[in-house]
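Notes follow once the structure below has been shown.
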Amino acid sequence: MRIWVSRPEPGAGRTARHLAGLGHLALVAPVLRIAPTGATPPAGPFDGLILTSANAVAPLAATGLAGPPVFAVGRRTAERAQAAGLGRVFCADGDAAGLARLVADQLTPGSLLLHVAGEDRKAEPEASLQMAGYRILSWTAYAARALEALPEPAARALAGESGAPPLDAALHYSRRSAETAERLCREAGLSGAFRALAHYCLSADVAAGLVELGIPAHFVAARPSEEALLAGLAAAD
4 MRIWVSRPEP
14 GAGRTARHLA
24 GLGHLALVAP
34 VLRIAPTGAT
44 PPAGPFDGLI
54 LTSANAVAPL
64 AATGLAGPPV
74 FAVGRRTAER
84 AQAAGLGRVF
94 CADGDAAGLA
104 RLVADQLTPG
114 SLLLHVAGED
124 RKAEPEASLQ
134 MAGYRILSWT
144 AYAARALEAL
154 PEPAARALAG
164 ESGAPPLDAA
174 LHYSRRSAET
184 AERLCREAGL
194 SGAFRALAHY
204 CLSADVAAGL
214 VELGIPAHFV
224 AARPSEEALL
234 AGLAAAD
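For the working numbering, count along the sequence shown from 1 and bump the result up by 3.
Given below as structure tokens:
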């Protein structure tokens, strides 16, 4: 299959390599770009650092806050934190609930935690940890900025232009990127072609964003990891 990867870099390139290893063709055409906000982090000291995305690692590493233990939402985030020399890293199993449990296993209530977060973040795991008695400060360290127009390679493929192999499917790693891809396709007059793709979603929340737009999800990963998402492609073969 030829598959549209619309997630931001650097993840998009890594996903393309994984797809190639599975025998698929990847069209890397991100609809979001990750950029630092430039916001100053709150003053510590902190008992722990919470990372709900690998995108949090670079801005955190730039601050020099390498002492407190790091609680990463999943393996990819943990690996990047370790490579950046952020100190002792604990890895959850890929979701916010697991991350909250991991923190509770290692730190006592009353501990002060810094959540290195993106501009578009969900209530968890902060809400659960606060209810359990932890003190949370949030630092909006990065943001996903939507492109103003559909990337040309995606537009050409969806329009079926000569020399552009057609697309069969799209991978969606976040609700924001899925909804942005749909909007940019609609604005480009390519809504029908987008809807006709087989949509593979990282989680039920990602799929819900498409369903609310009247687009069914072809596959929803059993757990929010790239391995589980790409397993859906194998099932389709």
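All C-beta atoms, glycine included, are put in the ideal place defined by N, C-alpha and C.
Per-residue burial, residue i [other beta carbons within 10 Å of its own, 16 or more giving buried]
{"i": "Pro-45", "result": "exposed"}
{"i": "Leu-161", "result": "buried"}
{"i": "Gly-212", "result": "buried"}
{"i": "Pro-13", "result": "exposed"}
{"i": "Ser-108", "result": "Rather than Ser, the amino acid found at residue 108 in this sequence is Asp. Exposed, because fewer than 16 other Cβ atoms sit within 10 Å of the Cβ of Asp-108."}
{"i": "Gly-51", "result": "buried"}
{"i": "Thr-55", "result": "buried"}
{"i": "Ala-181", "result": "buried"}
{"i": "Pro-154", "result": "buried"}
{"i": "Thr-80", "result": "buried"}
{"i": "Pro-33", "result": "buried"}
{"i": "Gly-77", "result": "buried"}
{"i": "Ala-15", "result": "buried"}
{"i": "Ala-57", "result": "buried"}
Minimum C-alpha distance to residue i - residue among the options
{"i": "Phe-197", "options": "Ala-173, Phe-93 and Val-214", "result": "Ala-173"}
{"i": "Ala-135", "options": "Ala-144, Leu-153, Lys-125 and Gly-113", "result": "Gly-113"}
{"i": "Ala-220", "options": "Val-209, Arg-17, Arg-226 and Tyr-145", "result": "Val-209"}
{"i": "Gln-133", "options": "Ala-157, Glu-164 and Ala-100", "result": "Ala-100"}
{"i": "Ser-256", "options": "Ile-218, Gly-192, Ser-177 and Gly-195", "result": "In this structure the chain extends from 4 to 240, so residue 256 is not present and cannot be described."}
{"i": "Leu-205", "options": "Gly-195, Ala-231, Ile-218 and Leu-193", "result": "Ala-231"}
{"i": "Ala-59", "options": "Ala-126, Gly-77, Tyr-145 and His-21", "result": "Tyr-145"}
{"i": "Ser-9", "options": "Arg-78, Tyr-203 and Arg-124", "result": "Tyr-203"}
{"i": "Thr-111", "options": "Ala-61, Ala-126, His-27 and Phe-49", "result": "Phe-49"}
{"i": "Pro-169", "options": "His-21, Arg-17 and His-27", "result": "His-27"}
Beta bridge counterpart(s) of residue i as assigned by DSSP
{"i": "Tyr-137", "result": "None, per the DSSP bridge assignment."}
{"i": "Ile-218", "result": "DSSP output for Ile-218 lists no bridge partner at all."}
{"i": "Thr-111", "result": "Paired residues: none, contrary to the question."}
{"i": "His-175", "result": "Cys-204"}
{"i": "Val-92", "result": "Val-73"}
{"i": "His-118", "result": "Ile-53 and Ser-141"}
Within 8 Å, strictly: CB atoms of residue i and residue j
{"i": "Ala-29", "j": "Ala-38", "result": "no"}
{"i": "Thr-40", "j": "Glu-122", "result": "yes"}
{"i": "Glu-185", "j": "Leu-216", "result": "yes"}
{"i": "Val-119", "j": "Leu-187", "result": "no"}
{"i": "Val-31", "j": "Ala-19", "result": "yes"}
{"i": "Thr-183", "j": "Leu-35", "result": "yes"}
{"i": "Ala-95", "j": "Ala-84", "result": "no"}
{"i": "Gly-97", "j": "Arg-226", "result": "yes"}
{"i": "Ala-167", "j": "Arg-159", "result": "yes"}
{"i": "Pro-11", "j": "Ala-157", "result": "no"}
Cut-off 8 Å between Cβ atoms - residues of its own chain near residue i, not counting five sequence neighbours on either side
{"i": "Asp-171", "result": "Met-4, Arg-5, Ile-6, Leu-200 and Ala-201"}
{"i": "Ala-69", "result": "Gly-88, Leu-89 and Gly-90"}
{"i": "Ser-131", "result": "Ala-99, Ala-100 and Ala-103"}
{"i": "Leu-25", "result": "Leu-233, Leu-236 and Ala-237"}
{"i": "Ser-194", "result": "Glu-185 and Cys-188"}
Proximal residues to residue i (C-beta, below 6 Å), its chain only, five neighbours per side dropped
{"i": "Thr-66", "result": "Pro-44"}
{"i": "Arg-138", "result": "Leu-115"}
{"i": "Arg-91", "result": "Pro-72"}
{"i": "Leu-140", "result": "Pro-45 and Leu-117"}
{"i": "Ala-224", "result": "Leu-205, Ala-231 and Leu-232"}
{"i": "Ile-53", "result": "Phe-74, Leu-116 and His-118"}
Neighbourhood of residue i by C-beta distance below 7 Å, restricted to the same chain and skipping five residues each side
{"i": "Val-214", "result": "Ala-220"}
{"i": "Gly-192", "result": "none"}
Residue i at chain D interface by Cβ criterion, 8 Å
{"i": "Ala-199", "result": "Of the chains in the structure shown, none is chain D; there is only one protein chain."}
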